[in-house]
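Have a look at the structure below before the remarks.
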Amino acid sequence: MAGLLALGAGREDRRTQGGERPCLVVLWLNGGPAGLFNSAGSFLPAGAFGVATNNVRHLGNGLLVDAASFGALPSPALRHMASVNFRHDIRRPHEQARAAVLEKAGRSQLLRFAAAMPDRSRRCVVVNDLGLPVGLSADPPAEEGCRLERVLDFGEVSSAVAAPSRDNVRAAYGVGTDASRVRDLRTTFAAAELLVRDGAGVVVAQPAYTGRADRQFDTHEDEDGTAARAVMAPITPILSTFLDRMLALDEANVVTVLVGEFSRTVPASDHEPGGTATVIGRYVRTGTAGPQTADGAPPESAPRPDGLWAYVATALRLQTDRWGRNPHPDLIAAT
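In terms of my numbering, the sequence shown opens at residue 1344 and continues consecutively.
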């Protein structure tokens, strides 16, 4: 893993509101998940994707989620979860849509967040052997001295954290002391937590180890949502552990974003020209920026991907206008 990056002089005030250290965790759902998980209310009237009254959970403020996945997350996450939609107007190929979400004019949105962090947290780390999804630059231009790092060796990342915390993290995710490579769900989330505790500003991972290897959530012809649910099922319990622990960290304001390049059409589960991200964090107000349309698309009024990132920056309490105005101030908690 590359060493701590040299710190460049910033062009803006990198203080944050409040005393907690901000940290962004991006969990990339490669291929694009069906909206049944975080916009279940959009599909309940017609029963699309197998959504029914007995498999949804109402979280309040208009947000209905799939009960077995997002609805099964710990109560702190359910009290601080928002569904935020975006449009990029790209249906194919996957690579171009991914770049529309995670890059802008050849610049990495992930590195832009790292550069906006307080100086002690300006690291951007990609976790596990799945790496970044195809279509993104593996070595994008540096942002104010920040470059992408990569973690593949579990021992290397765990050595940066004091032994009691390291052992506690291993035990929480069921990772044995002999684990060496970050190459499955448990080591991925354990490594992500260790990086958060070590002060990284941005942590990025693909969590899905089921489905097609290069686009796990690309679940075509999945009219009843069976395939999509099968990909999400093993992620839910370990994600629950991660979120419960991250939201309990007093010293850090950890914002977790689950997002992919597409939502899915009704009924063929094809590609929609945008998606709906799930954002979970201490200063997120539970609710929805708006339901998906009945055919599975984000609404026509959904902002470009920069709108999603502007919302995330606000949830992180970053004092920056790099992504423009937050289009969803009503989904930010006052305290």
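All C-beta atoms in this analysis are idealised placements derived from N, C-alpha and C, irrespective of residue type, glycine included.
Keep in mind that this is a model prediction, so the values were computed, not measured.
Around the Cβ of residue i, are there at least 16 other Cβ atoms within 10 angstroms (buried) or fewer (exposed)?
i     : result
N1657 : The question names Asn, yet the displayed sequence has Thr at residue 1657. Per the 10 Å Cβ criterion, buried.
T1599 : buried
N1404 : exposed
A1682 : Any answer about residue 1682 is impossible in this case: the structure gives the chain only from 1344 up to 1678.
R1513 : buried
E1564 : exposed
P1476 : buried
G1498 : exposed
P1641 : buried
D1681 : What is shown of the chain runs 1344 to 1678, which leaves residue 1681 out entirely.
S1385 : buried
D1409 : buried
S1418 : exposed
L1350 : Legend: pLDDT at L1350 = 26, less than 50; position of this residue unreliable, value from coordinates given subsequently. Exposed.
H1401 : exposed
T1663 : buried
R1625 : buried
S1451 : buried
G1639 : buried
S1502 : exposed
T1569 : exposed
S1523 : exposed
A1506 : exposed
L1661 : buried
S1382 : buried
My understanding is that residue i touches residue j, with C-beta atoms under 8 angstroms, so please give their C-beta distance in whole angstroms.
i     : j     : result
M1680 : S1412 : This structure gives no information on residue 1680, because the portion of the chain shown stretches from 1344 to 1678.
R1665 : R1466 : Incorrect: roughly 18 angstroms between the Cβ atoms, too far for contact.
G1603 : G1374 : 6 angstroms
V1368 : V1539 : 7 angstroms
A1571 : T1579 : That pair is no contact at about 12 angstroms.
L1601 : L1421 : Not really, about 14 angstroms apart at Cβ, beyond 8 angstroms.
R1434 : H1614 : 5 angstroms
V1469 : E1446 : The pair is not a contact, with the Cβ atoms about 14 angstroms apart (cut-off 8 angstroms).
Could you pull the start and end residues of the beta strand (DSSP E) that residue i belongs to?
i     : result
W1652 : Per DSSP, W1652 belongs to no beta strand (DSSP E); it is in the alpha helix (DSSP H), 1648-1658.
H1401 : 1399-1403
L1370 : 1364-1371
L1592 : From DSSP, L1592 is part of no beta strand (DSSP E); its letter is neither H nor E.
V1609 : That residue, V1609, is in no beta strand (DSSP E); it is neither H nor E in DSSP.
F1456 : No beta strand (DSSP E) holds F1456; the alpha helix (DSSP H) holding it covers 1452-1459.
R1430 : 1424-1430
T1569 : That residue, T1569, is in no beta strand (DSSP E); its alpha helix (DSSP H) goes 1569-1575.
A1620 : 1617-1623
M1406 : Reading the sequence as shown, one finds Leu at residue 1406 and not Met. It spans 1406-1409 - the beta strand (DSSP E) in which L1406 sits, taken as one unbroken run.
G1548 : With the sequence shown as reference, residue 1548 is identified as Ala, and Gly is not the correct amino acid for it. Start and end: 1545-1548.
For the alpha helix (DSSP H) containing residue i, name the first residue and the last one.
i     : result
L1473 : Unbroken run through L1473: none, as it is neither H nor E.
S1418 : 1418-1421
L1387 : Note, L1387: premise wrong, no alpha helix (DSSP H); not H, not E.
A1442 : 1437-1445
Measuring only between beta-carbons, confirm whether residue i sits less than 7 angstroms from chain C.
i     : result
P1641 : Looking at the structure shown, chain C is missing, and only one protein chain is on hand.
Please determine if the segment 1624-1641 and the segment 1664-1676 are in contact, where contact requires at least 3 C-beta pairs separated by less than 8 angstroms. Output reads yes: the segment 1664-1676 touches the segment 1624-1641.
Can at least three beta-carbon pairs, one atom from the segment 1474-1492 and one from the segment 1507-1525, be found at a separation below 8 angstroms? By the Cβ criterion, the segment 1474-1492 is not in contact with the segment 1507-1525, since fewer than three pairs of Cβ atoms, one from each stretch, lie closer than 8 angstroms.
Evaluate contact between the segment 1580-1597 and the segment 1391-1398, counting only Cβ atoms and requiring at least three cross-stretch pairs below 8 angstroms. Contact fails between the segment 1580-1597 and the segment 1391-1398, because fewer than three Cβ pairs, one in each stretch, are under 8 angstroms apart.
Three or more beta-carbon pairs under 8 angstroms between the segment 1417-1429 and the segment 1645-1662, yes or no? In this structure the segment 1417-1429 touches the segment 1645-1662; the number of beta carbon pairs closer than 8 angstroms is three or more.
Every unbroken alpha helix (DSSP H) within the segment 1468-1538, with a cutoff of 4 residues, ordered by chain: Correct list: 1497-1501, 1506-1516.
Report yes or no: do the segment 1437-1450 and the segment 1462-1471 share at least 3 C-beta pairs separated by less than 8 angstroms? Cβ pair count under 8 angstroms is below three, so no.
Would you call the segment 1523-1536 and the segment 1555-1562 touching, i.e. three or more CB-CB distances under 8 angstroms? In short, these stretches do not touch, since the Cβ pair count stays below three.
Does the pairing of the segment 1618-1625 with the segment 1649-1663 give three or more beta-carbon distances under 8 angstroms? Contact holds: three or more Cβ-Cβ distances are below 8 angstroms.
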